[in-house]
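Colleague: Residue numbers (the working numbering), protein chains in the order written: chain F, 1 to 335; chain H, 336 to 670.
Each residue gets a CB set at the ideal place from its N, CA and C atoms; glycine is no exception.
Please read these numbers as outputs of a predicted model, since none were measured by experiment.
This is the structure I have questions about; it appears just below.
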DNA sequence: GCTTTGTTTGTAACTAGTTACAGAAACTAG
DNA sequence: CTAGTTTCTGTAACTAGTTACAAACAAAGC
């Protein structure tokens with residue numbers, strides 16, 4: 001095992017002090033002759049500076065911490081690509097952790113990020129870490145919370161979110177425009193974003209004279225619960241005397257499961273039932289699924305910039321959703 | 336901006352030396368009374384140890400570096416989930432970088448990983464970093480190369496790969512079993528894994544009396560080139576007097592594009608042409624696409640374990656692919 | 001009561017860098 | 001040729017921890 005060269009080895013090899021080597025590396029007043037000798041020594045010894053030591057002195061690391069709830073969602077993937085883009089442009093790296101939707105892991109991983117003295121923290125979870133993120137913000141670590149509602153962003157944190165009410169409204173207007181009137185909703189839980197989407201949908205539907213009963217919304221926490229939820233919605237629609245002609249899914253995470261539940265029952269989309277869901281994905285075109293797209297890559301870029309640019313006060317950014325109309329709601333095709 | 340508490344602050348607050356605090360934190364001989372006082376001080380000052388400083392002393396960081404060629408592929412996503420699982424189990428984090436298939440970024444990011452003194456490095460690229468990874472291995476940093484062929488793993492590195500020849504063979508046998516005889520191949524380039532898959536396919540096809548001409552293989556580096564490649568294959572098949580009845584895609588990255596190219600031409604799958612591709616993905620079931628699956632999550636777990644367990648000699652692990660038969664090759668459905 | 005042994009604690013040196021300050025060399029001006 | 005200024009370089013202190021070694025202390029044995 002070969003020991004790594006330190007700045008001291010380089011200094012000795014070039015016949016100068018470590019201070020001079022440091023100046024050559026970071027830009028300071030050094031003669032051209034000395035500079036040349038130092039760079040030659042660096043090359044000869046294959047010296048790679050230790051970012052940890054630099055971080056100790058600077059009081060923080062150069063990496064950006066990212067804690068993701070659920071790495072399997074394409075939304076988060078694009079988000080990370082955006083963050084990574086900013087990181088790469090700043091000679092920085094992304095330190096990633098996936099909580100698998102488990103609160104204990106989230107707490108541990110945010111703590112580890114804090115221990116790593118990340119330059120900034122981007123969190124898509126924040127269920128149980130408000131105390132720590134607040135303190136990190138006080139300690140000068142920019143913290144960004146993503147995908148949670150603006151409403152419940154912890155103090156001191158930047159917030160990046162989608163206009164969830166508008167997302168619901170877009171769904172409502174589109175479905176009504178496609179002649180649908182009996183709508184069922186599959187939602188993923190009690191997170192604010194989910195509630196806001198449903199609320200936006202309900203309000204817009206009501207404005208169009210299409211009330212959405214409380215029991216036309218089913219919560220499915222996991223993919224396993226989706227099939228049962230869809231069943232219940234179908235039955236309730238029939239019981240109500242208005243068989244379902246549309247299903248809305250308020251989370252991209254459950255799109256596959258809802259789609260599978262419908263096709264497994266031999267339900268034709270959009271023949272029998274229209275289908276809209278959240279978050280665009282590569283296969284949506286092939287499948288003709290109409291979606292509400294989030295600008296996830298842009299959200300990632302912005303999150304990265306907030307960490308790098310460190311604006312003074314807390315920033316709140318709300319992004320607009322867009323509807324990508326395909327065929328799953330029985331859209332009229334252009335002639 | 337509140338300054339963070341250091342081990343010195345804790346020591347002063349508890350009325351002991353920093354050495355004693357360190358002993359309490361890391362386990363050493365300390366009286367129960369002292370231990371209690373130290374923990375109380377830690378809680379009172381909300382002390383969070385600095386992992387950078389620890390890393391400086393230990394000579395390495397506790398994080399695992401991962402450099403990915405293309406974060407958009409589901410294969411890599413599962414891989415990262417596997418690595419992250421091992422990291423979380425070891426109170427470690429994943430340091431992620433996405434090269435976007437650009438060699439300059441790859442070089443810079445592997446260098447940054449080295450500067451960060453990652454505990455180990457997992458690379459899915461390794462086109463231009465052989466020199467550095469070899470040196471990192473010499474310096475005691477376990478390096479794992481994934482998804483490249485066993486054949487060209489740089490010296491000193493662990494290697495995790497798929498049996499690509501077997502993957503090609505599985506495709507050949509399956510297609511022949513479904514009665515297909517005129518096959519076209521879309522490959523993504525000159526990487527060894529791609530070449531081995533095509534070679535495995537060709538050999539197995541030859542054994543079955545079904546030769547695969549050189550010009551029945553088209554290379555498409557990007558998604559944009561896929562449509563043209565498919566056209567060429569179609570034309571050549573017709574010119575040869577044996578119109579294509581199957582298309583093989585040797586990379587999961589281009590599955591969407593190949594599928595789109597076929598449907599855009601009104602080609603029925605499997606009615607007109609059978610379709611097999613690499614890597615399983617969530618929507619494959621809904622679309623009925625037959626695939627060769629890689630155990631990507633397991634590969635990630637193993638990669639993480641190689642980093643954490645640091646076996647002495649270089650380890651070579653070859654995983655077996657499995658065929659997941661659905662309907663895209665005109666498979667006979669069970670009665 | 002004194003020595004021996006074992007346990008607990010503190011001092012100081014160490015990790016690999018950065019930087020304030022002081023001193024030396026070189027350059028310009030009188 | 002000296003004084004003043006500028007430019008370059010080295011010394012030493014600093015970042016936040018860990019740990020080898022020595023000292024202090026208490027308990028047990030003689």
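Mind pulling the chain F residues with CB within less than 9 Å of residue 620/H?
Modeller: Under the 9 Å cutoff, chain F gives 256 and 260.
Colleague: Run through the stretch 579-645 of chain H for me and flag every whole alpha helix (DSSP H) of 4 or more residues, listed as ranges in chain order.
Modeller: Qualifying alpha helix (DSSP H) stretches, in chain order: 590-599, 619-622 and 631-644.
Colleague: Would you mind reading off the limits of the alpha helix (DSSP H) that contains residue 357/H?
Modeller: Start and end: 353-361.
Colleague: Below 8 Å, how does it come out for the stretch 94-101 of chain F and the stretch 29-42 of chain F: are there three or more Cβ pairs, yes or no?
Modeller: The stretch 94-101 of chain F vs the stretch 29-42 of chain F: no contact.
Colleague: Name, please, each residue of chain H whose Cβ falls closer than 7 Å to the Cβ of residue 49/F.
Modeller: Under the 7 Å cutoff, chain H gives 450.
Colleague: Given a threshold of 16 other Cβ atoms within 10 Å of its Cβ, counted over all protein chains shown, does residue 309/F qualify as buried or as exposed?
Modeller: Residue 309/F should be labelled exposed.
Colleague: Please classify residue 522/H: does DSSP put it in a helix, a strand, or coil?
Modeller: Reduced to three states, the DSSP call for residue 522/H is strand.
Colleague: Inspect the beta-carbon positions of residue 624/H and residue 582/H and report whether they are closer than 9 Å.
Modeller: No.
Colleague: What does the alpha-carbon distance come out to for the pair residue 648/H and residue 488/H?
Modeller: Looking at the two C-alpha atoms, the distance is approximately 14 Å.
Colleague: Do residue 181/F and residue 162/F have their beta-carbon atoms positioned less than 9 Å apart in this structure?
Modeller: The answer is no: Cβ separation not under 9 Å.
Colleague: Do the CB positions of residue 658/H and residue 650/H come within less than 9 Å of each other?
Modeller: No. Outside cutoff.
Colleague: Starting from residue 75/F and walking both ways along the alpha helix (DSSP H), at which residues does that stretch end?
Modeller: 74-89 is the extent of the alpha helix (DSSP H) around residue 75/F.
Colleague: Terminal residues of the continuous beta strand (DSSP E) containing residue 432/H?
Modeller: First-last of the beta strand (DSSP E) with residue 432/H: 429-433.
Colleague: Let me check one thing: in DSSP terms, what residues is residue 651/H bridge-paired to?
Modeller: Answer is 494/H.
Colleague: Residue 622/H to residue 287/F, Cα distance in whole Å?
Modeller: Distance between the alpha carbons of residue 622/H and residue 287/F is about 8 Å.
Colleague: Would you verify that the beta carbon of residue 84/F is, or is not, closer than 9 Å to some beta carbon of chain H?
Modeller: Yes, residue 84/F lies at the interface with chain H (some Cβ there is under 9 Å from its Cβ).
Colleague: Using DSSP bridges, identify the partner residues of residue 455/H.
Modeller: In DSSP, residue 455/H forms a bridge with 399/H.
Colleague: Where does residue 50/F land, buried or exposed, given buried means 16+ other C-beta within 10 angstroms?
Modeller: Its Cβ being crowded by 16 or more others within 10 Å, residue 50/F is buried.
Colleague: How big is the Cα-Cα spacing for residue 320/F and residue 12/F?
Modeller: Straight-line Cα distance between these residues: approximately 58 Å.
Colleague: Helix, strand or coil: how does DSSP classify residue 366/H here?
Modeller: DSSP places residue 366/H in coil when its eight states are reduced to three.
Colleague: Provide the residue(s) that pair with residue 478/H in DSSP beta bridges, ordered along the chain.
Modeller: DSSP output for residue 478/H lists 456/H as bridge partner(s).
Colleague: Taking the straight line between their C-alpha atoms, what separation do you get for residue 107/F and residue 221/F?
Modeller: Cα-Cα distance, rounded: 21 Å.
Colleague: Is the shortest distance between the beta-carbon of residue 339/H and the beta-carbons of chain F less than 9 Å?
Modeller: Cβ-Cβ to chain F under 9 Å: yes for residue 339/H.
Colleague: As a quick exercise: from 459/H, 638/H, 358/H and 570/H, pick the residue whose alpha carbon is nearest that of residue 435/H.
Modeller: With distances taken between Cα atoms, residue 435/H lies closest to 459/H.
Colleague: Run down chain F in chain order and give the residues with a C-beta less than 7 Å from the C-beta of residue 426/H.
Modeller: Ordered by position in chain F, the residues that pass the 7 Å Cβ test against residue 426/H are 112.
Colleague: Could you check if residue 163/F belongs to the surroundings of the ligand NAP, using beta carbon to heavy atom distance under 8 Å?
Modeller: Only the bare structure without any ligand can be found here, which leaves the ligand NAP out of the picture.
Colleague: For residue 284/F, collect the residues of the same chain with a Cβ closer than 6 Å to its Cβ; drop the 5 residues on either side in sequence, then sort them by chain order.
Modeller: Correct list, in chain order: 291.
Colleague: Between the stretch 133-152 of chain F and the stretch 177-193 of chain F, do at least 3 Cβ pairs fall closer than 8 Å?
Modeller: Yes: the two stretches touch, three or more of their Cβ pairs being nearer than 8 Å.
Colleague: Below 8 Å, can you find three or more Cβ-Cβ pairs linking the stretch 245-265 of chain F to the stretch 169-185 of chain F?
Modeller: The stretch 245-265 of chain F vs the stretch 169-185 of chain F: in contact.
Colleague: What are the residues of the stretch 461-481 of chain H that lie near chain F, defined by any Cβ-Cβ distance shorter than 7 Å?
Modeller: Going along the stretch 461-481 of chain H in chain order, one finds 470, 473, 474 and 475 with a Cβ nearer than 7 Å to chain F.
Colleague: Among 493/H, 578/H, 471/H and 469/H, which has the Cα closest to the Cα of residue 652/H?
Modeller: Answer by Cα proximity: 493/H.
Colleague: Does DSSP classify residue 553/H as helix, strand or coil?
Modeller: Residue state, collapsed to three classes: strand.
Colleague: For chain F, is any of its Cβ atoms less than 9 Å away from the one on residue 429/H?
Modeller: Output row for residue 429/H: interface = yes.
Colleague: Grab me the residues of residue 136/F's own chain with a C-beta within less than 7 Å of its C-beta, minus the 5 sequence neighbours each way, in chain order.
Modeller: Contacts found: 114, 121 and 143.
Colleague: Going by DSSP, what residues sit across from residue 662/H in a beta bridge?
Modeller: Beta-bridge pairing links residue 662/H to no other residue.
Colleague: Our contact map puts residue 302/F next to residue 195/F with C-beta atoms below 8 Å; I'd like the distance itself, whole angstroms only.
Modeller: Actually they are not in contact, since the Cβ atoms of residue 302/F and residue 195/F sit about 24 Å apart, beyond 8 Å.
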